[in-house]
Ligand SMILES: Nc1ncnc2c1ncn2[C@@H]1O[C@H](COP(=O)(O)OP(=O)(O)O)[C@@H](O)[C@H]1O
Ligand SMILES: [Mg+2]
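Numbering (my numbering), first residue to last: 55 to 492.
#1: In whole angstroms, give me the CA-to-CA distance for residue 414 and residue 455.
#2: Give me the DSSP bridge partner(s) of residue 419.
#3: Along the beta strand (DSSP E) that carries residue 343, what are the first and last residues, could you check?
#4: Judging by CA-CA distance, which residue of 431, 412, 398, 481 is the nearest neighbour of residue 471?
#5: Spell out the partners DSSP gives residue 472 in its beta bridges.
#6: Tell me the DSSP secondary structure of residue 86 in three-state form.
#7: Looking only at DSSP bridge pairs, what is residue 329 linked to?
#8: Going straight from the alpha carbon of residue 196 to that of residue 204, what length do you get?
#9: In whole angstroms, what is the alpha-carbon distance linking residue 58 and residue 135?
#10: Smallest Cα separation from residue 438: which of 361, 401, 303, 369?
#11: Let me confirm a value: residue 183 is counted as buried when at least 16 other C-beta atoms fall within 10 Å, else exposed. Which label applies?
#12: Decide if residue 490 is buried, meaning its Cβ has at least 16 other Cβ atoms within 10 Å, or exposed.
#13: Taking the Cβ atom as the reference point for each residue, do residue 303 and residue 288 lie within a distance shorter than 9 Å?
#14: Are residue 88 and residue 82 closer than 9 Å when you measure CB to CB?
#15: May I ask you to check if the CB of residue 345 is nearer than 8 Å to at least one heavy atom of ligand 2?
#16: Which of the three DSSP states is assigned to residue 490 in this structure?
#17: Taking residue 281 as part of the beta strand (DSSP E), name the residues at either end of that continuous run.
#18: Cβ of residue 356 versus every heavy atom of ligand 1: is any distance shorter than 8 Å?
#19: Report the option in 71, 188, 149, 243 whose CA atom is closest to the CA atom of residue 343.
#20: Would you check if the distance between the CB atom of residue 325 and the CB atom of residue 259 is smaller than 9 Å?
#21: For a test of your reading of the model: does the CB of residue 414 fall under 8 Å from any non-hydrogen atom of ligand 1? Yes or no.
#22: Between the beta-carbon of residue 250 and the beta-carbon of residue 333, is there less than 9 Å?
#23: Taking the alpha-carbon positions, what's the residue 312 to residue 162 distance?
#24: Please state if the CB of residue 358 and the CB of residue 464 are separated by a distance shorter than 9 Å.
#25: Is the segment 127-134 in contact with the segment 149-162, if contact means three or more CB pairs nearer than 8 Å?
#26: Just verifying my parser: in three-state terms, what is the DSSP assignment at residue 94?
#27: Can you list, in chain order, the stretches of the alpha helix (DSSP H) that have 4 or more residues and sit fully within the segment 77-164?
#28: Three-state secondary structure (DSSP) at residue 298?
#29: Look up residue 454 in the DSSP assignment and say whether it is helix, strand or coil.
#30: For a quick check, are the C-beta atoms of residue 467 and residue 396 less than 9 Å apart?
#31: According to DSSP, simplified to helix, strand and coil, what is residue 307?
#32: Is it buried or exposed for residue 477, if we count other Cβ within 10 angstroms and need 16 for buried?
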């Protein structure tokens, strides 16, 4: 099967690595890919937001399956475009319709969807310039902290948690009146703050059936102990110790089933991955957000643990036959640690040679490229998040320590990574470390 994977980050390297193991895959193209994906298939220079260019490539190369890594083309309607073009209609497409992608592309759409289907989530109200004054009053009497969310895609920066009313009203004004996030913040969702610990649950769905993939927890802050600025993600672990069978039963009954049923009842075309960003509040799961694709860096631990053939899963999804297969996962724990550029997530320099990538680190570790590129036969840094090291272990601690060992041998000017990924799940250190044994 001729497969085209769209995207170029660590998530896509992990997907390409997994797709490349399937007997179905022949060949695998990645657009635009990175030097890591080039080891799993053929990179092609395509702008993934140029639908016409994607069409031409698919027709010329007789592509049979398209898998979309990032959200942007989905939110912009790539699925609908494929269905509207006669020569593309038969291609198996992994990714939701434009309406389905609104679960990620519009926070207000997602909240209203959850309300319609009684899915537990924080209470909220939405505001625009039309009910701006009402919004200010609402904020004034709201309990602290207050969560403000730009409705549209804002590159992971559109959510602000405000600790005072003054801050909330100022932020609200910036978002709505000054278009702080452009079109994305013309509408703002204000929601109650939920206190708990977050986790990421993924499923693949055909719009009717679903299969749950291994869960993960990601680490978004730049600094140790979850301090400092938010990033695209500094690491992830899987499985998540507090995702016990009892907790996951609640997740499935209260969240996953009503979500997929809601998609089905509303006639939303959705074949692909769905991400449930959840928070565990005193043992009960609530939805923080949906994403219409896999997460990054969660994919880098989930694909490592997934034993089921990924192409087989995707084919079953396109045939509405997900009820006929099962997901198998490696029982070992996996942890990934992201190496980033000095200065990230603020300004940083690129173009530094990465040394040690070709080392022999053993089967228990994998290196996934994110922001890298080849220059004069060398691999150099080309982004804030540069690459990640995923390792297996009998538990999270062992997996993290193995990735840390491998990272010792990798280097570039300005390398930085967190050494405390998975800290909540490590036994308390006798010397008094970060572990607190959740
Ligand atoms: N209602 C909430 N209560 C507590 N924390 C929240 C709430 N909503 C969002 N957050 C925090 O803000 C982060 C970003 O919010 P999210 O809705 O996931 O937006 P995005 O990923 O699109 O930036 C979440 O991972 C979570 O840590
Ligand atoms: Mg999020």
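Where is the CB? At the ideal position from N, CA and C, for every residue including glycine.
Let me lay it out:
#1: When the Cα atoms are used, residue 414 and residue 455 turn out to be separated by approximately 17 Å.
#2: In the DSSP output, where bridge partners are listed per residue, residue 419 has 445.
#3: Start and end: 338-345.
#4: Taking only the C-alpha atoms, the option nearest residue 471 is 398.
#5: For residue 472, no pairing in a beta bridge is given by DSSP.
#6: Of the three classes helix, strand and coil, the one that applies to residue 86 here is strand, per DSSP.
#7: The beta-bridge partner set that DSSP reports for residue 329 consists of 256, 345.
#8: So the alpha carbons of these two residues sit roughly 18 Å apart.
#9: Distance between the alpha carbons of residue 58 and residue 135 is about 16 Å.
#10: Nearest of 361, 401, 303, 369 to residue 438, Cα basis: 401.
#11: By the neighbour-count criterion, in which 16 or more other beta carbons inside 10 Å mark a residue as buried, residue 183 falls on the exposed side.
#12: The pLDDT assigned to residue 490 is 45, lower than 50, so where the model puts this residue is not dependable; a value taken from the coordinates is nonetheless given after this. Classification of residue 490: exposed, given that the 10 Å Cβ count is below 16.
#13: At a Cβ-Cβ threshold of 9 Å, residue 303 and residue 288 do not count as neighbours.
#14: Not in contact: residue 88 and residue 82 (Cβ atoms no closer than 9 Å).
#15: Distances from the CB of residue 345 to the heavy atoms of ligand 2 include at least one below 8 Å.
#16: Here the model assigns residue 490 a pLDDT of 45, short of 50, so the residue's position is not dependable, and the following value carries that caveat. Three-state DSSP puts residue 490 in coil, outside helix and strand.
#17: Segment 281-292, the beta strand (DSSP E) holding residue 281.
#18: At a threshold of 8 Å, residue 356 does not count as near ligand 1, since its beta carbon sits no closer than that to any of the ligand's heavy atoms.
#19: Comparing Cα-Cα distances from residue 343 to each of 71, 188, 149, 243, the minimum goes to 243.
#20: Closer than 9 Å, so yes.
#21: Flag unset: Cβ of residue 414 not near ligand 1.
#22: Yes, the pair counts as a contact, with Cβ atoms nearer than the cut-off.
#23: Their backbone Cα atoms lie some 18 Å apart in a straight line.
#24: Their beta carbons are not under 9 Å apart, which means residue 464 does not touch residue 358 by this criterion.
#25: Short answer: they touch.
#26: Look at residue 94 here: in three-state DSSP terms it is coil, with no helix or strand label.
#27: If we require 4 residues or more, the alpha helix (DSSP H) runs fully inside the segment 77-164 come out as 105-115, 126-129, 132-138, 152-159.
#28: In the structure shown, the three-state DSSP call for residue 298 is coil.
#29: Here residue 454 sits in helix by DSSP.
#30: For residue 467 and residue 396, yes; Cβs fall inside 9 Å.
#31: Helix, per DSSP.
#32: A buried status is given to residue 477, since no fewer than 16 other beta-carbon atoms sit within 10 Å of its beta-carbon.
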